[in-house]
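Enquirer: Take a look at the following structure, please.
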Amino acid sequence: MAKLVVLKFGDGSFEQGFNVTLQIGEESDRPSVELTGKLPPCPEILLYYTRWQSTYLQLGNGYRLDADKIQVTNVSITQDCHELAHILRLRFNNWLQAQEFRTLREKWLEKLQPSDEIRVILQSENSYLQKLPWQAWDLLERYPKAEVALSSPSYELIHKRRAPNPTVNILAIVGNSQGINTQADQAMLQNFTNADVSFLVEPQRKELTDSLWGKNWDILFFAGHSSSQGHDGIGRIYLNKTDSLSISELKYALKQAIERGLQLAIFNSCDGLGLAKELADLNIPQIIVMREPVPDQVAQEFLKYFIQSFASGESLYQAVRQARERLQGLEDRFPCATWLPVICQNPAQIPLTWDELTEPLTQPVINHVPAVEQKCGLKKVALSSLLVTAVVCGLRFLGLLQAAELQAYDQMMRSRPEESPDPRILIVTINNEDLADQTDNGKPLKGVSISDKSLNQLLAKLNQYQPKAIGLDIYRDFPAEQSDLVVKLQQTENLIGVCKGSDTTTNIKGIKPPPEIPKERQGFSDFVHDNDNVVRRHLLFMNQETASLCSAPYAFSTQLAFRYLSSLGIESKFTNEQSTKDLQLGNTILHRLSSRAGGYQGIDANGGQILLNYRASAKIAEEVTLRQILSNSIDANAITDKIVLIGVTVRDTDPGDFWSTPYGSRLQDQMPGVMVQAHMVSQIISAVLDKRPLLRVWTPGLEIIWIGVWAGLGGLLAWRWRLFSKSAVALVVGVSSSVLYLSCLSLLVWGFWVPFVPSALSLVSTVTVVSIQNRGQETGDREEGVRV
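When we follow full-length UniProt numbering, the leftmost residue of the sequence shown carries the number 1, and every step to the right adds one.
Listed below in structure tokens is the structure:
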């Protein structure tokens, strides 16, 4: 089995050194070894390279550069070039034998045998690092079947869709040939067996692009002049005597050719690393270029030897190495010819052989799994998913996940899109200044209510503008002293008073309603909070205890909604289903929570509870102060046909009427009771009139299926990505968890609270279980000598 070795060079420079990661594994398999090391700073390497390159360029030798740059004469400095090449090779190998890099070198020697066929891929963005003579690395010379390729750290797998070709289709571009012999290239290309070669000789740009679009090509070949120019080293090919092109100017045609199956591009021309860099951005599988200016004869000989090896059945890498090494016979006249050819590889692709180019191309499978192993793996995933689902649902049934579920629910409530305030509600707040205005000659107020005088004036002002309903969210368990106020409390038909039901946990019998307000205009103010004291549920109605001082059957918010909706011709009733007894307003049914709903492990059956879908608004409704109302500084339109809520918002006066909500449980973040009542009223009338979603939960069976689906997904991810690194698996699990969260959030916006924490727990748990099983199987297989 062939081996794949990847050397990843991280951020760095020759002045600072490079972090290096070594990966070793079987071809088409995940790395079995990964190790990190470092190459120390070595700025002098660049000096040795530039000195050698300067001397090399002075040789001339009929390079396939831009025809205008061809040197007519050749300075006899061949010996100097040989000597500088020797120094560069020596310094380069000394650098690669540094102490910091030795652990990687030793691991290489430990894991790879000289008989192994090895593809070595160097991943780096540093252009000078790519130009160094890696073929002269002494470690590679120990492995006669190893060849080096260059790669960018960024790459992508191209999904091919071409039909099988009966022959290998080659598009051969013969560009500007001034001063060089490209006819020899054409003759050698015709020596390919089982190949259909189409020649474009000094084509125009349109002719080239039309050809790239017109056929399913396997190999693209170019012979002629080329160069890499500018600070960014952008490569250019010279089509004819007047036209030159960069790869970016052929981008769309080349992308089409690659998507239709182009496997290999050969640029038998000068200074090709710039061309390779741009082609790599298009994710072409393999490219062969000359890293420096190439003499005409060297280019021809390389092509001849490569064709002979590749067409005879050698792998691409072996064909390149054999052709490159055979150039050594020319190095007396053309120094360093064996350094010139280099492969540039897309690591996501596996190089095809000559014979495979005539077979159907299917989507590459990086991690091939035999059918028997695949069946066993899927069975393992299914069993693990069922086990994890059962355990997680058991924990949920016992209530062990309730706290985490409710916290996730609160976070999603805060993450919903912003809504506008409810325009049908006006809140009259009583603050410290309002209380100070009511001292009534120093006489203290009774309880926390406003004075009779102020309440009388307030009701008179409000009735003047005809609101649809008035809610007095202030306890008044004592009779009014002013006769005018007594009459207003008795005869204001749209006024709802408040009382409090008995609390069996504290043996408190409740708080009586205002004695002047009849029972049909009374509503209880009781809230239902969870174990963490957060109000997430809305109590619509309940059966009061016989001894309770508050006998109102409906909640304060429900009564206000009734008054508002009845003025629009919408009446309330209960559904005919005796087991549920849901409240119905028009066509809208307020479905009660079941005894085991969502993240709750038990709902009191005595009363109609729904989830409180807080309005996602920084301000639930328009607010005015008592002083503003009494001073006539409010527009009549702010009151007419509205629901007016009256309540105290001073913590020092009534600290017990501040509540923890999903929007905050800290003391300074708690919400005044009158604001919570406004959210409850808004929820009911918005559901009826605006079809705003009411929050519901799925049936237990559907929730179990949902949890099981995410457990199964976790198992599939762990099994499918088992051949990748732990960090890759962690990234995939993180993305999947994010998708789960966004799905739950979207469903919450649409009105469904689905379990996030149990689903996320099942996803991660199944990944963990299957990963442990994978590692155990790998260990057992290694002990039996079986490769997984």
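Virtual Cβ for every residue (Gly too), placed ideally from N, Cα, C.
All of these numbers come straight from a predicted model, not from anything done at the bench.
The beta strand (DSSP E) with Leu611 in it runs from where to where?
Expert: Counting along the chain, the beta strand (DSSP E) containing Leu611 begins and ends at 608 to 611.
Enquirer: Along the beta strand (DSSP E) that carries Gln522, what are the first and last residues, could you check?
Expert: From DSSP, the beta strand (DSSP E) with Gln522 extends over 522 to 524.
Enquirer: Does DSSP put Arg198 in a helix, in a strand, or in coil?
Expert: What sits at residue 198 in the sequence shown is Ser, not Arg. Ser198 falls in the strand class under three-state DSSP.
Enquirer: With distance defined between alpha-carbon atoms, name the residue in Pro40, Trp108, Glu520 nearest to Asn94.
Expert: With distances taken between Cα atoms, Asn94 lies closest to Pro40.
Enquirer: Check whether the segment 81 to 100 and the segment 121 to 128 touch, using three or more Cβ-Cβ pairs below 8 Å as the test.
Expert: Not touching, per the Cβ criterion.
Enquirer: Please confirm whether Leu539 and Lys509 have their CB atoms less than 9 Å apart.
Expert: Against a cut-off of 9 Å, the Cβ pair of Lys509 and Leu539 comes out as no contact.
Enquirer: Give the range of the beta strand (DSSP E) segment to which Lys3 is assigned.
Expert: Unbroken beta strand (DSSP E) run through Lys3: 3 to 13.
Enquirer: Quick one: what does DSSP say Ser451 is sitting in, helix, strand or coil?
Expert: Three-state DSSP puts Ser451 in coil, outside helix and strand.
Enquirer: With Val535 and Val676 assumed to form a contact (beta carbons below 8 Å), what rounded beta-carbon distance in angstroms separates them?
Expert: Right, their Cβ atoms sit about 6 Å apart.
Enquirer: Looking only at C-alpha atoms, which of Pro758, Glu703, Ile173, Arg414 sits nearest to Ser244?
Expert: Looking at the Cα atoms, Ile173 is the closest of the given residues.
Enquirer: For Leu254, which residues from the same chain have a beta carbon less than 6 Å from its beta carbon, with the 5 sequence-adjacent residues on both sides left out?
Expert: Hits under 6 Å: Leu282.
Enquirer: Give every residue of the same chain whose Cβ lies closer than 6 Å to the Cβ of Val749, excluding the five residues on either side of it in the sequence, and list them in chain order.
Expert: Cβ within range, chain order: Arg416.
Enquirer: Let me make sure I understand the geometry here. Which of Arg321, Pro758, Glu106, Tyr128 has the alpha-carbon closest to that of Ala408?
Expert: The shortest C-alpha separation from Ala408 is found at Pro758.
Enquirer: From Ile620, Ile646, Thr649, pick the residue whose C-alpha is nearest to that of His679; which is it?
Expert: Of the candidates Ile620, Ile646, Thr649, the one whose C-alpha sits nearest the C-alpha of His679 is Ile620.
Enquirer: Leu4 and Ile118 - do their beta-carbons sit closer together than 9 Å?
Expert: Yes, Cβ-Cβ distance for Ile118 and Leu4 is below 9 Å.
Enquirer: For Ile180, which of helix, strand or coil comes out of DSSP?
Expert: Correct three-state label for Ile180: coil.
Enquirer: So, is Trp213 buried or exposed, given that buried needs 16 or more other C-beta atoms within 10 angstroms?
Expert: Classification for Trp213: exposed.
Enquirer: Tell me which residue opens and which closes the beta strand (DSSP E) that Met290 is part of.
Expert: 286 to 290 is the extent of the beta strand (DSSP E) around Met290.
Enquirer: From Glu106 to Phe9, what does the alpha carbon distance come to, in whole angstroms?
Expert: Taking the straight line from one Cα to the other gives about 18 Å.
Enquirer: According to the Cβ coordinates, are Lys131 and Arg291 closer than 9 Å?
Expert: Cβ atoms of Lys131 and Arg291: closer than 9 Å.
Enquirer: Who pairs with Trp659 in a beta bridge, going by DSSP?
Expert: Answer is Met671, bridged to Trp659.
Enquirer: How many Å lie between Gly12 and Pro347 at the Cα?
Expert: Going by the C-alpha atoms only, they are around 22 Å apart.
Enquirer: In angstroms, rounded to a whole number, what distance separates the CA positions of Phe524 and Met542?
Expert: Cα to Cα, Phe524 sits roughly 9 Å from Met542.
Enquirer: Would you kindly report the start and end of the unbroken beta strand (DSSP E) that includes Leu220?
Expert: Element bounds for Leu220: 219 to 223.
Enquirer: What first and last residue would you give for the beta strand (DSSP E) that runs through Gln123?
Expert: Here the beta strand (DSSP E) through Gln123 covers 118 to 123.
Enquirer: Does DSSP put Lys691 in a helix, in a strand, or in coil?
Expert: Lys691 falls in the coil class under three-state DSSP.
Enquirer: Label Val72 either buried or exposed according to how many other C-beta atoms from any shown protein chain fall within 10 Å of its C-beta, with 16 as the threshold for buried.
Expert: Bear in mind that the predicted position of Val72 carries a pLDDT of just 42, short of 50, making it unreliable; the figure below should be weighed with that in mind. Classification for Val72: exposed.
Enquirer: At a cut of 8 Å, does the segment 637 to 647 reach the segment 465 to 477 through at least three beta carbon pairs?
Expert: Yes: at least three Cβ pairs fall under 8 Å.
Enquirer: Please classify Pro370: does DSSP put it in a helix, a strand, or coil?
Expert: Any reading at Pro370 needs caution, since the residue's pLDDT is 48, under 50, leaving its predicted position unreliable; the model's value is listed next. Pro370 falls in the coil class under three-state DSSP.
Enquirer: What is the DSSP secondary structure of Leu352, counted as helix, strand or coil?
Expert: In this structure, Leu352 counts as coil in the three-state DSSP scheme.
Enquirer: Assign Gly394 to one of two classes, buried (16 or more other C-beta atoms within 10 Å of its C-beta) or exposed (fewer than that).
Expert: The residue is exposed, with fewer than 16 neighbouring Cβ atoms inside 10 Å.
Enquirer: Mind checking which residues open and close the alpha helix (DSSP H) that includes Ile87?
Expert: Here the alpha helix (DSSP H) through Ile87 covers 78 to 96.
Enquirer: Should Tyr465 and Asp530 be called a contact, given that it needs their Cβ atoms to be closer than 9 Å?
Expert: Not closer than 9 Å, so no.
Enquirer: Mind checking whether the beta-carbon of Glu331 lies closer than 8 Å to any heavy atom of the ligand FAD?
Expert: Looking at this structure, you won't find the ligand FAD or any other ligand, since it has none at all.
Enquirer: For residue 789, does the three-state DSSP call read helix, strand or coil?
Expert: Lying outside 1 to 788, the shown extent of the chain, residue 789 is not represented and no answer is given.
Enquirer: Could you name the residues that DSSP lists as bridge partners for Ile628?
Expert: The sequence given here places Gln at residue 628; Ile does not occur at that position. DSSP, once it has assigned bridges, lists no residue as partnering Gln628.
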